[in-house]
Amino acid sequence: MPVDLSSLTLDGRAVIDGRRVDAADGRTFDCVSPVDGRRLTTVARGGPADIDAAVAAARAAFAERRWAGQPPAARKRVLIRLAERILAHADELALLETLDMGKPLRYAKSVDVHAAANCIRWYGEAVDKLYDQIAPTPETALALITREPLGVVGVIVPWNYPLLMAAWKIAPALAAGNSVVLKPSEKSPLSALRLAELALEAGVPPGVFNVVPGFGPEAGSALALHMDVDGIAFTGSTRVGKQIHVMAGQSNLKRAWTELGGKSPNIVFADCPDLDRAVQAAVAGICFNQGESCNAPSRLLLEASIKDAFLDKALALLPRYQPANPLDKDTVMGAIVDRTQLDTVLRYIAQGQAEGARLLAGGQAVQPVPGGFYVQPTVFDGVTNDMTIAREEIFGPVLSVITFTDAADAVRQANDSIYGLQAAVWTRDLNKAHAVARALRAGTVHVNQYDEDDITVPFGGFKQSGIGRDKSLHAFDKYTELKTTWIRIDSPL
Ligand code: NAD
């Protein structure tokens, strides 16, 4: 691997109360790179005692108002400094991300790191421009409706966009004045730990932003069950998301917000305005981040009359998306996060074939880098919406092609899913675009594009894709309590 690791900070210790610390019981786990299977470093295996210590530090910081007590404009300056620190360390953070979870280095830098910095800057800039409200009461009262930080917020994130998923949550949480305890995925903890150091350098006071690495059932559940955590913001699978809501209810009824899985339908009508663009978006969409994206357009719904033409063009694009060394600058598809996830993807591919779908392309594990975990982009034709590969989130570069007859059929099949994260519709007919977009049960509907996006719009799901929204000003709702202060005015003039 032609990369100089000596330039990297590979410190797997937790960050609690502004200090790097080992796990209380000294346990560690290996951090293995999916690029070539090498052990990168050992990481502190946080458990309940470490979560207790981090929550205590976060609580003390909040109670002493070290951060919440600073004027919004001061928090803004610190968050903007943090965004600048992230950009100053963009190469290092991108390399950590690529080594840790296998995405192409070019995207780790141009997408993940830049979007994380932009997110933190955006919430920093927003926070001193928000006003609270005065209710339209009779003049015998002045009723203030104000927003206050929750207090201590627990954050649990997955491995597919480690830095960015963390940023989507910590940025509004910190901007609003909360203290945070973040548990990154055990599969990709390194960038979050580095982020905590950069936050300290930027001026976030010790104890305000703590990071405890560890496994879900150990550190994660300790955080979700903690009696002194006021809110838990989770991104991950629907299976674990459901447990998060149960744990919140079992403990102190902490506010619980979940961003979960998806099986997004990408509907292409025969009157699509630009078939080449639709083909490019479909292929790039399922291959981006090795298909390990919650919003991957994994169900391709094609109007029957254009299916053959569409698939001919799609197959012609696939050579460009064959997996390659993520550290090479031209690579567009990298490694699957670990052996377990690779096996899961291969199991779904076998199941698709067993249930009668036709394998058009891919389907094999490959090793462009010895020791690493890679799979070819895979396309199944002849999929029906009741097959397992159309119903379950695979989280790999596996595209299921389904046909439909008319708009009603497309909408019926698109909505026939437990998920409702995203959807797309391609048509030049404005009426049809509006009608279909409105009928789709999804948090985001793309029209004549897929995955254009920025921080100004909410991101989240209908149905079992979760509860709540990341991004945009709406995210502040998750990290604040609404307070009414009713002031009686005895003798109006
Ligand atoms: P996961 O649910 O297995 O793990 C997510 C996080 O939860 C990890 O940090 C893990 O350690 C922790 N966890 C696991 N078990 C836990 C438990 N019992 N208690 C507390 N925490 C626990 O998901 P994953 O495999 O890391 O990520 C992939 C999933 O994330 C996919 O389903 C994907 O769709 C989803 N995702 C959703 C969004 C979104 O915005 N909707 C974004 C990215 C990823």
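The numbering used here applies: residue 2 is where the sequence shown begins, and numbers increase by one.
Glycine included, every Cβ here is placed at the ideal spot set by N, Cα and C.
> Where Ile395 and Val426 are concerned, what is the direct C-alpha to C-alpha distance, given to the nearest angstrom?
Replying inline: Stepping through the sequence shown from its first residue, residue 395 is reached at position 394. Stepping through the sequence shown from its first residue, residue 426 is reached at position 425. Cα to Cα, the separation comes out at about 22 Å.
> Looking at Phe460 and ligand 2, is the gap between the Cβ and the nearest heavy atom below 8 Å?
Replying inline: Ligands in the displayed structure: ligand 1; ligand 2 is not one of them.
> Is it true that the stretch 242-249 meets the stretch 410-421, where meeting means three or more beta-carbon pairs spaced less than 8 Å apart?
Replying inline: no
> Taking Cβ to Cβ, would you say Gly217 is nearer than 9 Å to Leu183?
Replying inline: Position 216 of the sequence shown, counted from the first residue, corresponds to residue 217. Position 182 of the sequence shown, counted from the first residue, corresponds to residue 183. Taking 9 Å as the Cβ cut-off, Gly217 and Leu183 do not qualify as a contacting pair.
> If you measure from the CB of Gly363, is any heavy atom of ligand 1 nearer than 8 Å?
Replying inline: Here residue 363 is taken as the residue at index 362 of the sequence shown, counted from 1. No; taking the cut-off as 8 Å, the Cβ of Gly363 has no heavy atom of ligand 1 nearer than that.
> Helix, strand or coil: how does DSSP classify Thr457 here?
Replying inline: For the purposes of this step, residue 457 is identified with residue 456 of the sequence shown, where counting begins at 1. Coil, per DSSP.
> Is the Cβ-Cβ distance between Arg21 and Cys32 less than 9 Å?
Replying inline: By 1-based counting over the sequence shown, the position of residue 21 is 20. By 1-based counting over the sequence shown, the position of residue 32 is 31. For Arg21 and Cys32, no; Cβs fall outside 9 Å.
> Can you list, in chain order, the residues of its chain whose CB lies under 8 Å from that of Thr43, leaving out five sequence neighbours each side?
Replying inline: Along the sequence shown, read from residue 1 onward, the residue named residue 43 stands at position 42. Counting only Cβ-Cβ distances below 8 Å, and skipping sequence neighbours, we find Gly13, Thr29, Phe30, Asp31 and Cys32.
>> Tell me the DSSP secondary structure of Ala297 in three-state form.
In response: Along the sequence shown, read from residue 1 onward, the residue named residue 297 stands at position 296. Residue state, collapsed to three classes: coil.
>> Tell me the DSSP secondary structure of Tyr420 in three-state form.
In response: Along the sequence shown, one-based indexing puts residue 420 at 419. Of the three classes helix, strand and coil, the one that applies to Tyr420 here is strand, per DSSP.
> Run through DSSP, which three-state label would Leu483 get?
Replying inline: As a first step, residue 483 must be located in the sequence shown, where it is residue number 482. Leu483 falls in the strand class under three-state DSSP.
>> Nearer than 8 Å: is that true of the beta carbon of Trp160 relative to any heavy atom of ligand 1?
In response: For the purposes of this step, residue 160 is taken as residue 159 along the sequence shown, with counting starting at 1. Result yes, Cβ under 8 Å from ligand 1.
>> Is Gly13 close to ligand 1? I mean its beta-carbon at under 8 Å from any heavy atom of the ligand.
In response: As a working mapping, residue 13 is identified with position 12 in the sequence shown. No, ligand 1 has no heavy atom inside 8 Å of this Cβ.
>> Less than 6 Å between C-beta atoms, sequence neighbours within five positions excluded: which residues of the same chain meet that for Arg122?
In response: Counted from its first residue, the sequence shown places residue 122 at position 121. Ile81 and Ala84.
> Is it right to say Gly27 is buried, meaning 16 or more other beta carbons lie within 10 angstroms of its own, or is it exposed?
Replying inline: As a working note, residue 27 is residue 26 in the sequence shown. Classification of Gly27: exposed, given that the 10 Å Cβ count is below 16.
> Can we say the stretch 260-270 touches the stretch 424-442, given the rule of at least three CB pairs closer than 8 Å?
Replying inline: yes
>> Considering just the uninterrupted stretch of the alpha helix (DSSP H) at Ser222, what are its terminal residues?
In response: Reading the sequence shown from its first residue, position 221 is the one you call residue 222. From DSSP, the alpha helix (DSSP H) with Ser222 extends over Ser222 to Ala225.
> With a Cβ-Cβ cutoff of 9 Å, do Gly178 and Gln71 count as a contact?
Replying inline: In the sequence shown, the residue the question calls residue 178 occupies position 177. In the sequence shown, the residue the question calls residue 71 occupies position 70. Result yes, Cβ atoms of Gly178 and Gln71 sit closer than 9 Å.
> Got a sec: is the Cβ-Cβ distance from Cys273 to anything in chain D below 9 Å?
Replying inline: Any reference to chain D falls outside this structure, which holds one protein chain only.
>> Given a cut-off of 9 Å on the beta-carbon distance, is the pair Ile157 and Thr99 in contact?
In response: The count along the sequence shown starts at 1 and reaches residue 157 at position 156. The count along the sequence shown starts at 1 and reaches residue 99 at position 98. No. Outside cutoff.
>> Going by beta-carbon coordinates alone, are Leu261 and Ala411 separated by less than 9 Å?
In response: Stepping through the sequence shown from its first residue, residue 261 is reached at position 260. Stepping through the sequence shown from its first residue, residue 411 is reached at position 410. No, the Cβ-Cβ distance between Leu261 and Ala411 is not below 9 Å.
> Between which two residues does the beta strand (DSSP E) carrying Ile52 extend?
Replying inline: Residue mapping note: residue 52 aligns to position 51 of the sequence shown, counting from 1. No beta strand (DSSP E) contains Ile52, which is instead part of the alpha helix (DSSP H) from Pro49 to Ala64.
> Roughly how many angstroms separate the alpha carbons of Ile146 and Tyr132, rounded to a whole number?
Replying inline: Walking along the sequence shown from the start, residue 146 turns up at place 145. Walking along the sequence shown from the start, residue 132 turns up at place 131. C-alpha separation (whole angstroms): 10 Å.
> Pro206 to Phe289, Cα distance in whole Å?
Replying inline: Numbered from 1 along the sequence shown, position 205 holds the residue referred to as residue 206. Numbered from 1 along the sequence shown, position 288 holds the residue referred to as residue 289. Computed Cα separation, rounded: 37 Å.
>> Can you tell me whether Leu143 is helix, strand or coil according to DSSP?
In response: To locate residue 143, count along the sequence shown from 1; it is residue 142. Residue state, collapsed to three classes: strand.
> Counting pairs of Cβ atoms below 8 Å between the stretch 271-290 and the stretch 246-263, do you hit three or more?
Replying inline: no
> Which residues in the same chain have their Cβ closer than 7 Å to the Cβ of Glu149, if we skip the five residues on either side of it in sequence?
Replying inline: Residue numbering aside, residue 149 sits at position 148 when the sequence shown is read from its first letter. Hits under 7 Å: Thr481, Glu482 and Lys484.
>> Judging by CA-CA distance, which residue of Arg60, His115 and Ala436 is the nearest neighbour of Leu151?
In response: On the sequence shown, position 150 is the one that residue 151 refers to. For the residues Arg60, His115 and Ala436, the minimum Cα distance to Leu151 belongs to Arg60.
> Going by DSSP, which residues form a beta bridge with Trp427?
Replying inline: Numbered from 1 along the sequence shown, position 426 holds the residue referred to as residue 427. Paired residue(s): Val269.
>> Going by beta-carbon coordinates alone, are Ala276 and Phe311 separated by less than 9 Å?
In response: Looking up residue 276 in the sequence shown gives position 275. Looking up residue 311 in the sequence shown gives position 310. The amino acid occupying residue 276 in the given sequence is Leu; Ala does not appear at that position. Contact: yes.
> For Met2, which residues of its own chain have a beta-carbon under 8 Å away from its beta-carbon, when the five flanking residues on both sides are left out?
Replying inline: Translated into positions along the sequence shown, residue 2 becomes position 1. Since pLDDT at Met2 reaches only 46, below the 50 mark, its modelled position is unreliable, and the value read off the structure follows with that caveat. Hits under 8 Å: Val36, Asp37, Arg39, Asn326, Leu328 and Val370.
>> Can you give me the C-alpha to C-alpha distance between Tyr375 and Gln368, rounded to a whole angstrom?
In response: On the sequence shown, position 374 is the one that residue 375 refers to. On the sequence shown, position 367 is the one that residue 368 refers to. Rounded to whole angstroms, Tyr375 to Gln368 spans 6 Å at the Cα level.
> Starting from Glu260 and walking both ways along the beta strand (DSSP E), at which residues does that stretch end?
Replying inline: Indexing the sequence shown from 1 puts residue 260 at position 259. Element bounds for Glu260: Arg256 to Glu260.
> Rounded to whole angstroms, how far is the Cβ of Val128 from the Cβ of Lys77, which I believe are closer than 8 Å?
Replying inline: Walking along the sequence shown from the start, residue 128 turns up at place 127. Walking along the sequence shown from the start, residue 77 turns up at place 76. At roughly 5 Å, the Cβ-Cβ gap stays under 8 Å, so Val128 and Lys77 are in contact.
>> Can you find the residues in the same chain that come closer than 7 Å, C-beta to C-beta, to Ile468, ignoring five residues on each side of it along the sequence?
In response: Counting from one through the sequence shown, the residue named residue 468 turns up at place 467. So the qualifying residues of the chain are Trp258 and Thr259.
>> I want to know whether the stretch 387-406 touches the stretch 343-363 - three or more CB-CB distances under 8 Å.
In response: yes
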